[in-house]
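K.L.:
Got a structure for you, questions after.
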Ligand code: MRU
């Protein structure tokens, strides 16, 4: 299914139909030149969509996986036990898609807990419709969390500020609004004039393909730069704050986000620019003490050796391609969550705000 470019961003992902329906998502690998939707009717299609970044961004992959568990219960029969087994198998399978974003595991755990609670339901049809309701709740809660993050974060920004962001932590990475870009949308909607600089975000260009597109669609003043230009733009006094998202935040506030984020944080510190991380509570992993324990995904070397649709490196070259890095808490001015702004970024303050 294909459409012309819309003036506003269509839903990142949505459930189509009733309990026997399917998951539809924007194929983000094709943006910004093509807006095409991918319909996922079976579990391998959902897994592949997450793995290959057709759907990406920590909250969005959690939501996609939640719907994936519903899809995994393919043929609701009268046997609740077989439904529970299918749901648990789907959870285990989808958990193998990507390792870093904790939202994926949080959503899968929640779906599994719900599946196990449904032991007493009438039949498979009721089981599956309750499971769908849980996935819809996860989806809807994300919308509300992102709106709240936007409201809290907007208060930190002033009129006429220049802002920098890295990767895509916007509507395309979540249910609709994003954590980091929610801050910009909310400030923009309240009348603040912002100039946003988007890092292109090598190797997969989420900043150029997604953030620049998304902000443009929403009518924000956005300028695209190469990652290597951030230092210059900061040194010219064009940036008053950096706001990024996160894939997993440890109990001490260390935050994993797209590769390159750590470098931006170091640059921000060198230029005395506040560096904010915006993330819902579902991105916190309080079971790990520090960022040292965050599993970092390594991706296919071809993402680096075959940029721009052609070979861009010598054949047989060694490649290191970590998809994420960890910004230490000491470089983060504050964490912006749906429950409020965590400042200072300390274990005590994190546990106080998140309860
Ligand atoms: O590899 P991706 O595109 O899934 O990486 C996404 C990011 O790093 C985002 O910044 C992060 O998920 C926060 S988005 C809410």
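Numbering (my numbering), first residue to last: 2 to 356. We treat Cβ as the ideally placed atom computed from N, Cα and C, and that holds for glycine. All values reported here derive from a predicted model rather than from experimental measurement.
Which word fits residue 29, buried or exposed, when buried means at least 16 other C-beta atoms lie within 10 angstroms of its C-beta?
P.N.:
buried
K.L.:
Can you look up residue 45 in the DSSP assignment and give me helix, strand or coil?
P.N.:
helix
K.L.:
In chain order, which continuous runs of the beta strand (DSSP E) of length 3 or greater are located wholly inside the segment 248-275?
P.N.:
249-251 and 256-259
K.L.:
Curious, which full-length alpha helix (DSSP H) runs of at least 4 residues does the segment 154-217 contain?
P.N.:
181-190
K.L.:
Could you work out which residue in 337, 277 and 250 is closest to residue 297 when comparing CA atoms only?
P.N.:
Nearest C-alpha to residue 297: 250.
K.L.:
Straight-line CA distance for residue 313 to residue 187?
P.N.:
40 Å
K.L.:
Quick check: is any heavy atom of the ligand MRU less than 8 Å from the C-beta of residue 280?
P.N.:
yes
K.L.:
Residues in the same chain with beta-carbon distance under 8 Å from residue 145, minus the five sequence neighbours each way, listed in chain order, please.
P.N.:
339
K.L.:
Using the Cα positions of residue 183 and residue 266, report the straight-line distance between them to the nearest angstrom.
P.N.:
20 Å
K.L.:
Kindly indicate which three-state DSSP category residue 115 falls into: helix, strand or coil?
P.N.:
helix
K.L.:
Using a threshold of 9 Å, state whether the C-beta atoms of residue 264 and residue 202 are closer than that.
P.N.:
no
K.L.:
Less than 8 Å separating the Cβ of residue 145 from some heavy atom of the ligand MRU?
P.N.:
no
K.L.:
Please confirm whether residue 57 and residue 41 have their CB atoms less than 9 Å apart.
P.N.:
Taking 9 Å as the Cβ cut-off, residue 57 and residue 41 do not qualify as a contacting pair.
K.L.:
Evaluate residue 132 with the Cβ neighbour count: other Cβ atoms within 10 Å of its Cβ, from every protein chain shown; 16 or more gives buried, anything less gives exposed.
P.N.:
buried
K.L.:
Look at the alpha carbon of residue 3 and the alpha carbon of residue 36, and state the distance between them as a whole number of angstroms.
P.N.:
Unreliable positioning characterises residue 3 in this predicted model, as indicated by a pLDDT of 39, which lies under 50. A coordinate reading is not provided.
K.L.:
Does the count of Cβ pairs from the segment 174-182 and the segment 234-246 closer than 8 Å reach three?
P.N.:
yes
K.L.:
With a threshold of 16 other CB atoms inside 10 Å of the CB of residue 147, please say whether the residue is buried or exposed.
P.N.:
With 16 or more other Cβ atoms within 10 Å, it is buried.
K.L.:
Give me, in chain order, the residues of the same chain whose beta-carbon lies closer than 6 Å to that of residue 74; leave out the 5 immediate sequence neighbours on both sides.
P.N.:
The residues are 84, 87, 88 and 129.
K.L.:
Using C-beta distances below 6 Å, list every residue in its chain close to residue 328, excluding the 5 sequence neighbours before and after it, in chain order.
P.N.:
Sequence-distant Cβ neighbours of residue 328 in its own chain, meaning closer than 6 Å and more than five residues away, are 256, 262, 263 and 266.
K.L.:
For residue 15, which residues of its own chain have a beta-carbon under 7 Å away from its beta-carbon, when the five flanking residues on both sides are left out?
P.N.:
A distance below 7 Å between beta-carbons, with the five flanking residues on each side excluded, links residue 15 to the following residues of its chain, in chain order: 25.
K.L.:
Does the distance from the CB of residue 103 to the CB of residue 286 come in under 9 Å?
P.N.:
A contact, by the Cβ cut-off of 9 Å.
K.L.:
Tell me the DSSP secondary structure of residue 365 in three-state form.
P.N.:
The question about residue 365 has no answer, for the chain in this structure spans 2 to 356.
K.L.:
Taking 8 Å as the limit between beta carbons, can you name the residues of its chain near residue 122, skipping five residues before and five after?
P.N.:
81, 128 and 131
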